[in-house]
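Heads up: the structure comes next, in C-alpha cells.
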Amino acid sequence: MLALVAGLLVACSSAGAASPPWPASVKARVAALNAACLKAGGRPGASRHVLAQDFSGDARIDYLVSAGDYVCEGRPGLFRSGGRADVDIFISNSRGDADVLFHEPLLGYRLLGGKPVRIQIARTGKACGPASSASTQCGAELVWNGSAFDALPTGAQGAAAEPAEATATVARIASATGLATAGRPLALLAGAQAAFVADCRKATLAANPKAAPWVDGFCRDGWNKALAAGPMVDALLAAVPETAGDRVSVPALKRRLPEVKWVSKPPGQEVAAGTLGKLGVSANGAAMVDTVGLGWQDTGADFPYDAEAAMRARGAALAQVACLAFGAGEVTRVYVVRAPGRAAFGLTVYARAAPTANAWSIYSATADLSGVLPSLEALRARDRDSRWKAACGD
20 MLALVAGLLV
30 ACSSAGAASP
40 PWPASVKARV
50 AALNAACLKA
60 GGRPGASRHV
70 LAQDFSGDAR
80 IDYLVSAGDY
90 VCEGRPGLFR
100 SGGRADVDIF
110 ISNSRGDADV
120 LFHEPLLGYR
130 LLGGKPVRIQ
140 IARTGKACGP
150 ASSASTQCGA
160 ELVWNGSAFD
170 ALPTGAQGAA
180 AEPAEATATV
190 ARIASATGLA
200 TAGRPLALLA
210 GAQAAFVADC
220 RKATLAANPK
230 AAPWVDGFCR
240 DGWNKALAAG
250 PMVDALLAAV
260 PETAGDRVSV
270 PALKRRLPEV
280 KWVSKPPGQE
290 VAAGTLGKLG
300 VSANGAAMVD
310 TVGLGWQDTG
320 ADFPYDAEAA
330 MRARGAALAQ
340 VACLAFGAGE
350 VTRVYVVRAP
360 GRAAFGLTVY
370 ARAAPTANAW
380 SIYSATADLS
390 GVLPSLEALR
400 ARDRDSRWKA
410 ACGD
C-alpha cells in the first residue's frame with residue numbers, strides 16, 4: 020500500500036528488534052502482524068508501517084498502522100486481499116494508551132499537512148455506498164469530529180469503470196501522489212488490469228513454479244504500482260509533441276504541465292524544475308527542451324511505481340532498445356515509445372533498490388523530447404560503455 024506522508028514515519032525492523040515507545044494497543048497490533056507473518060512462513064523485515072502524527076488536533080501523537088506497508092520477507096502480499104489492506108488509526112487518550120477509532124481495508128491512503136494532519140483514503144466495494152458494486156472505487160477524507168472520524172466523499176467511479184475510467188480518477192485513487200493528472204491524459208484501456216495480472220502471473224510462475232501461493236498478491240501489488248505511476252506517466256505523455264519533428268519550448272512545457280509547481284530559478288544546468296506531489300520534475304535543454312524527467316527517492320523503501328506498466332495500460336507500445344545493470348539492485352532501461360496521439364519518443368527508466376534500510380532507493384522516468392530516438396549503438400557510443408546490452412536477462 021502506498022502513502023504520501025508529510026511527517027514522521029516510524030521505521031520498524033524485525034520482530035526481535037527493540038520496540039519503539041508505542042502505546043500498548045499499537046504494540047499489540049504490530050505484534051499480531053509479526054505473529055501472522057511468522058505463522059505464514061515469512062520473516063518480519065524492515066518496513067515503515069507505523070506512522071506517528073497528530074490526527075485529532077489535541078497535540079498528542081496518534082498512530083496509523085498500515086498492514087499493506089508491512090514487509091513480511093518470503094511472503095509478499097500476505098496482508099493484502101483484492102488489492103486492499105487493513106489500515107488502523109489509533110487516537111491517543113489521557114490514560115497513556117490509544118484507542119482504535121478507524122479500521123478498514125483500503126486501496127490506499129495519504130497524509131496531508133495541517134493541524135490536525137489530514138487523511139485521505141481510497142475505498143472499494145460496499146464501503147463506497149449501498150448501491151456500489153464490488154468494483155466501485157471511491158475516495159474520502161477522514162475528518163475528526165471530536166470523538167470519531169467522519170468520512171467525507173471526494174469522488175467515486177462506478178462498476179463500469181474498471182479499469183477504463185479516466186486516468187484523473189485513477190490518479191486520485193492511487194495514493195503515491197494523489198494529484199490530478201496533467202495535460203490531456205490517455206485513459207486506461209478496458210481490461211488493462213486483467214491483462215496485467217494475467218501477464219504477471221504467467222511470467223512469475225514461469226520464473227518460479229513455487230510462487231503459486233503468493234503470486235496473486237504479488238501481481239496485485241504490481242498493478243497498484245502501475246496505478247501509482249499514473250501522474251508520472253501522464254505528465255510525461257503530456258510533454259511529448261503530437262507531431263514528429265515538433266519541439267517543445269520551456270514556456271510550452273510549463274503550459275503542458277500545469278499541475279507541476281515550477282520553481283522560479285531551476286538548479287544547475289536545468290532549464291526548468293519543480294515538483295508534482297512527491298515527485299521531483301526536471302527539464303534539460305536550451306530554448307527547446309531536450310528531456311523532461313520525474314523522479315522519486317526514499318530511504319530503505321520499495322519502489323512504489325511501475326512506469327512501463329502504466330504506459331502500456333494506456334495503449335503505449337514500448338520497445339526496449341537497451342539495458343544497463345549493476346548487480347541485481349540497480350538497472351537502467353531505455354525504450355522507444357509509441358503512444359496514441361504522440362510522436363515516437365525515447366523513455367529512460369532508472370531504478371536503484373536500497374542495499375540497506377538506511378540507504379536511498381531511487382526511481383525515475385525521463386522522456387526524450389529531442390526527436391532523436393535511442394538505439395543501443397548510440398548509447399554505447401555516447402557513454403563509451405560496452406556494458407549497455409539489448410536486455411538485462413529478465
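In the numbering used here, the protein residues as written are 20 to 413.
From the three backbone atoms N, C-alpha and C, an ideal C-beta is built for every residue, glycine too.
Values in this document were obtained by computation on a predicted structure and should not be read as measured data.
Measuring CB to CB, does residue 137 end up less than 9 Å from residue 160?
What you label residue 137 is simply residue 118 of the sequence shown in a count that begins at 1. What you label residue 160 is simply residue 141 of the sequence shown in a count that begins at 1. Contact flag set, yes.
Could you check what DSSP says for residue 163 in three-state terms: helix, strand or coil?
Taking the first residue of the sequence shown as 1, we reach residue 163 at position 144. Strand.
Kindly indicate the opening and closing residues of the alpha helix (DSSP H) around residue 227.
To locate residue 227, count along the sequence shown from 1; it is residue 208. Careful: residue 227 lies outside any alpha helix (DSSP H) and carries neither H nor E.
Would residue 250 pass as a contact of residue 296 if the rule is Cβ separation under 9 Å?
Position 231 of the sequence shown, counting from 1, holds the residue named residue 250. Position 277 of the sequence shown, counting from 1, holds the residue named residue 296. Yes. Within cutoff.
For residue 186, count neighbouring Cβ atoms within 10 angstroms of its own Cβ and tell me buried if that reaches 16, exposed if not.
Position 167 of the sequence shown, counted from the start, is the residue given in the question as residue 186. Legend: pLDDT at residue 186 = 35, less than 50; position of this residue unreliable, no value from coordinates given.
Per DSSP, what kind of secondary structure is residue 322 in: helix, strand or coil?
Numbered from its first residue, the sequence shown carries residue 322 at position 303. Correct three-state label for residue 322: coil.
Would you please state the rounded distance, in angstroms, between the beta carbons of residue 65 and residue 90? I believe it to be under 8 Å.
Within the sequence shown, numbered from 1, the residue matching residue 65 stands at position 46. Within the sequence shown, numbered from 1, the residue matching residue 90 stands at position 71. Right, the Cβ-Cβ distance comes to about 6 Å (below 8 Å), so this counts as a contact.
Please list, in chain order, all residues of the same chain as residue 344 whose beta carbon is under 7 Å from its beta carbon, the five residues on each side excluded.
The sequence position of residue 344 within the sequence shown is 325, counting from 1. Within the same chain, residue 344 has close Cβ partners 350 and 411.
Please go through the same chain and pick out, in chain order, the residues whose beta-carbon is closer than 6 Å to the beta-carbon of residue 279, but skip the five residues on each side of it.
Counted from its first residue, the sequence shown places residue 279 at position 260. Excluding residues within five positions, the ones whose Cβ falls inside 6 Å are 293, 295 and 300.
Considering only the beta carbon of each residue, do residue 386 and residue 311 sit closer than 9 Å?
The count along the sequence shown starts at 1 and reaches residue 386 at position 367. The count along the sequence shown starts at 1 and reaches residue 311 at position 292. The answer is yes: Cβ separation under 9 Å.
Taking only the alpha-carbon atoms, compute the straight-line gap between residue 3 and residue 260 and give it to the nearest angstrom.
What the structure shows of the chain is the stretch from 20 to 413, and residue 3 is not part of that stretch, so it cannot be assessed.
When you compare the region 74 to 90 with the region 110 to 130, are there three or more beta-carbon pairs, one atom per stretch, that lie closer than 8 Å?
The answer is yes - the region 110 to 130 touches the region 74 to 90, with three or more Cβ pairs under 8 Å.
Between the Cα of residue 256 and those of 227, 157, 336 and 226, spot the shortest distance and give me the residue it belongs to.
Here residue 256 is taken as the residue at index 237 of the sequence shown, counted from 1. The candidate whose alpha carbon is nearest that of residue 256 is 336.
Flag this pair as yes or no: are the beta carbons of residue 321 and residue 380 separated by less than 9 Å?
By 1-based counting over the sequence shown, the position of residue 321 is 302. By 1-based counting over the sequence shown, the position of residue 380 is 361. In contact: residue 321 and residue 380 (Cβ atoms closer than 9 Å).
Go through its chain and collect everything with a Cβ distance to residue 453's Cβ below 6 Å, but skip five positions before and after it.
Nothing about residue 453 can be reported from this structure: the residues present for the chain run from 20 to 413 only.
On the DSSP bridge assignment, give the partners of residue 55 in chain order.
Start at 1 with the first residue of the sequence shown, and residue 55 comes out as number 36. DSSP, once it has assigned bridges, lists no residue as partnering residue 55.
Any idea which residues DSSP pairs residue 240 with across the strands?
Sequence index remark: in the sequence shown, residue 240 carries index 221 (1-based). DSSP, once it has assigned bridges, lists no residue as partnering residue 240.
Alpha carbon to alpha carbon, how far is residue 357 from residue 205? Give it in angstroms, no decimals.
Mapped onto the sequence shown, residue 205 falls at position 186. Mapped onto the sequence shown, residue 357 falls at position 338. Cα-Cα distance, rounded: 13 Å.
State whether the region 83 to 100 contacts the region 41 to 61, with contact taken as three or more CB pairs (one from each stretch) at a distance under 8 Å.
Contact between the region 83 to 100 and the region 41 to 61 is present, because at least three Cβ pairs lie under 8 Å.
In three-state terms, what does DSSP make of residue 339?
As a position in the sequence shown, residue 339 is number 320, starting the count at 1. Of the three classes helix, strand and coil, the one that applies to residue 339 here is strand, per DSSP.
Along the chain, where does the beta strand (DSSP E) containing residue 356 start, and where does it finish?
On the sequence shown, position 337 is the one that residue 356 refers to. Here the beta strand (DSSP E) through residue 356 covers 349 to 357.
Looking at the secondary structure, which residues open and close the alpha helix (DSSP H) in which residue 279 lies?
By 1-based counting over the sequence shown, the position of residue 279 is 260. Taken as a continuous stretch (DSSP letters only), residue 279 belongs to no alpha helix (DSSP H), as it is neither H nor E.
Going straight from the alpha carbon of residue 56 to that of residue 74, what length do you get?
Translated into the one-based positions of the sequence shown, residue 56 becomes position 37. Translated into the one-based positions of the sequence shown, residue 74 becomes position 55. Roughly 28 Å separates the two Cα atoms.
Among the residues of its own chain, which have a CB less than 7 Å from the CB of residue 234, if the five just before and after it don't count?
Locating residue 234 in the sequence shown gives position 215, where the first residue counts as 1. Taken in chain order, the residues that qualify are 220, 223 and 224.
When the Cα atoms are used, what is the spatial distance from residue 196 to residue 408?
Position 177 of the sequence shown, counted from the start, is the residue given in the question as residue 196. Position 389 of the sequence shown, counted from the start, is the residue given in the question as residue 408. In this predicted model, residue 196 has a pLDDT of only 32, less than 50, meaning its place in the structure is not dependable enough to derive any value.
Within 10 angstroms of the Cβ of residue 171, are there 16 or more other Cβ atoms? Answer buried if so, exposed if not.
As a working note, residue 171 is residue 152 in the sequence shown. By the neighbour-count rule (16 or more Cβ atoms within 10 Å), residue 171 is not buried but exposed.
Find the nearest neighbour of residue 369 within the set 378, 360, 125 and 348, judged by alpha-carbon distance.
Counting from one through the sequence shown, the residue named residue 369 turns up at place 350. If we check each option's Cα against that of residue 369, 348 comes out closest.
When the distance is taken between beta carbons, is residue 354 closer than 9 Å to residue 244?
Walking along the sequence shown from the start, residue 244 turns up at place 225. Walking along the sequence shown from the start, residue 354 turns up at place 335. No, they are not a contact pair.
Measure the C-alpha to C-alpha separation of residue 201 and residue 254 and round it to an integer number of angstroms.
Your numbering for residue 201 matches position 182 in the sequence shown. Your numbering for residue 254 matches position 235 in the sequence shown. Residue placement at residue 201 is poorly supported in this model, since its pLDDT is 31, which falls under 50; the coordinates still yield a value, given next. Distance between the alpha carbons of residue 201 and residue 254: 5 Å.
State the beta-bridge partners of residue 370 as determined by DSSP.
By 1-based counting over the sequence shown, the position of residue 370 is 351. 350 and 382.
I need the boundaries of the alpha helix (DSSP H) containing residue 133, first residue and last residue.
Sequence index remark: in the sequence shown, residue 133 carries index 114 (1-based). Premise fails: residue 133 is in no alpha helix (DSSP H) and is neither H nor E.
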